[in-house]
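Working notes, beginning with the structure itself.
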Amino acid sequence: DAGVTQSPTHLIKTRGQQVTLRCSPKSGHDTVSWYQQALGQGPQFIFQYYEEEERQRGNFPDRFSGHQFPNYSSELNVNALLLGDSALYLCASSFSTGTGNEKLFFGSGTQLSVL
Amino acid sequence: GENVEQHPSTLSVQEGDSAVIKCTYSDSASNYFPWYKQELGKRPQLIIDIRSNVGEKKDQRIAVTLNKTAKHFSLHITETQPEDSAVYFCAASRPGGFKTIFGAGTRLFVKA
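Written out as structure tokens, the structure reads:
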């Protein structure tokens, strides 16, 4: 049973560029959440996708967008990259109960460096 | 806004001693409190969780306690071992909410 997989593992971009990160959820899960983890900090919620729609969003600008596909996999897109976007981007999958409080299973993350 | 504060940021203990990590949450509607362990270069993994209708939960050497009135919850690790060395994150979420708010983490060192 594959867990949560993310690609790529590492990425280097320059300011102003755009990036797409990918995530495949754990088998049996239907929900994908994205988190940004800066060095030495806890994960910060970006947004959650369920039934191919953004269900909830954290305090991130519109430069951050996402998508969920019919097979439950998801993409995170970041436009107009800033130096401050450098971080570990974690994908977490869960099975939706409809009431929240879902147990999150994390991928290993994509380390994004913006130069 | 919603916030989870975690203390201490760094904790060093001798192997075999106990370790306690404390968290405070701001959203009184929070009712689910998971704890995650993140080893260096690895993904965060859920190690234990507690819901607001329970005051304490134990799983072998780890236990969590919750004080809803004070909006405090704690992680207790007994008989620590070197493999317990990692960063531990507390977190909170509210009913009907789909985001989990994380603390800043506690780096635990267990000295052999």
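In order, the protein sequence lines correspond to chains A and B.
Be aware that the first sequence starts at 1, since it is given in my numbering, and climbs by one per residue.
Be aware that the second sequence starts at 1001, since it is given in my numbering, and climbs by one per residue.
Cβ coordinates follow ideal geometry from the N, Cα and C atoms, glycine included.
Within the region 45–60 of chain A, F45, Q48, R55, Q56, G58 place their CB atoms closer than 7 angstroms to a CB of chain B, listed in sequence order. Proximity to S73 (chain A) across A:A80, A:G58, A:S33 peaks at A:S33, based on C-alpha coordinates.
Residue pairing by DSSP puts T1106 (chain B) in a beta bridge opposite B:Y1088.
H1072 (chain B) is bridged by DSSP to B:T1024, B:N1067.
Within chain A, no residue has its beta carbon less than 8 angstroms from that of F1109 (chain B); the closest one is some 15 angstroms off. For the region 1037–1062 of chain B, the beta-carbon criterion of a distance under 9 angstroms to any beta-carbon of chain A is satisfied by Q1038, G1041, K1042, R1043, P1044, Q1045, L1046, D1049, R1051.
Nearest CB-CB separation between K26 (chain A) and chain B: not below the 9 angstroms threshold. In terms of CA proximity to C23 (chain A), A:S7 leads the group A:E54, A:H29, A:S7. Those residues of the region 4–26 of chain A placed with their C-beta closer than 7 angstroms to a C-beta in chain B do not exist.
For S108 (chain A), the nearest beta carbon of chain B is closer than 9 angstroms to its own beta carbon. Below the 9 angstroms Cβ cutoff, chain A contributes G42, P43 as neighbours of F1089 (chain B), in chain order.
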